[in-house]
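K.L.:
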Amino acid sequence: MTRMQPGLRINLPGTREEDCFGWTYESVSDVKTELAAQEYLQALLRQRRFDIDRLLQVPDGIEDQRWLYEHMRQICIEMGLYVAQIHKECTEQTCPSMQANGQPFYCAAHGRPRTCSAVGYAVHTLDYTMRHLSSALPDGGTGDAAQKHFQSMMRRLYRIFAHAYFHHREFFERQEAASGLFARFVRLGRKHALLPESQLIIPDLPTTA
Ligand SMILES: [Zn+2]
Ligand SMILES: [Zn+2]
């Protein structure tokens, strides 16, 4: 027996785990909170995590750029968990400098870009990106300056996946099968012209093309 009640969006005590967050939203305006877009995206992800077309489809009543921003923020949250997991096998000892497939990458999260361990790069870059996403974006997040800003965030975040792919392949594949995070990331980047094809060093997966 489910204890979910129609229209009531809380998990009542005693709700079975698989019934938690079982409600659906009809549209964004249906979500009566200040974090409407974020909640809407998270509800969609709980239900249709692998339906990337649907996830990227901009909901009625939301600006394109706003939806991009919500996806970026959500991706960062999920990448935080990703990095915590990879840290079990990717350490300062195993991967003392950030690289992917022989290509070294400087960590730009410092006053002056420098070499960091792979996991250091991941943590610093995510932290840096989250801070920038939480502060005001150039042009209110819409113009050319914002586009450049998003491009550089995506490029740096992409390298974290690239390191995982080339140096921790089993981890990469396991994570991707469970979350579809990388596919969502690439498809989002392509949709908004934020990831130049020349920089995509991970071969396309069936889910990213
Ligand atoms: Zn590593
Ligand atoms: Zn660093």
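Position in the sequence shown counted from 1, then plus 316, gives you this note's numbering. Every residue, glycine too, gets a C-beta built ideally from N, C-alpha and C.
DSSP has Ala416 in a bridge; who is on the other side?
P.N.:
Taking the sequence shown and counting its residues from 1, one reaches residue 416 at position 100. Ala416 pairs with Gln419.
K.L.:
Based on DSSP bridge pairs, tell me the residues matched to Arg430.
P.N.:
Counted from its first residue, the sequence shown places residue 430 at position 114. Cys423, per the DSSP bridge assignment.
K.L.:
Taking one C-beta from the stretch 413-426 and one from the stretch 356-371 each time, how about it: are there three or more such pairs within less than 8 Å?
P.N.:
No, because fewer than three Cβ pairs between the stretch 413-426 and the stretch 356-371 fall closer than 8 Å, the two stretches do not touch.
K.L.:
Three or more C-beta pairs closer than 8 Å, one from the stretch 379-394 and one from the stretch 405-412: is that the case here?
P.N.:
Judged by Cβ distances under 8 Å, the stretch 379-394 makes no contact with the stretch 405-412, as fewer than three pairs qualify.
K.L.:
Which residues bound the alpha helix (DSSP H) around Arg365?
P.N.:
By 1-based counting over the sequence shown, the position of residue 365 is 49. That residue, Arg365, is in no alpha helix (DSSP H); it is neither H nor E in DSSP.
K.L.:
Tell me whether Glu355 sits in a helix, a strand or coil according to DSSP, three-state version.
P.N.:
The count along the sequence shown starts at 1 and reaches residue 355 at position 39. Helix.
K.L.:
Hey, would you say the C-beta of Ala425 is under 8 Å away from at least one heavy atom of ligand 2?
P.N.:
On the sequence shown, position 109 is the one that residue 425 refers to. Flag set: Cβ of Ala425 near ligand 2.
K.L.:
Starting from the C-beta of Phe466, find all residues in its chain whose C-beta is less than 6 Å away, skip the five residues before and the five after it, and write them out in chain order.
P.N.:
The sequence position of residue 466 within the sequence shown is 150, counting from 1. Same-chain partners within the cutoff: Leu510.
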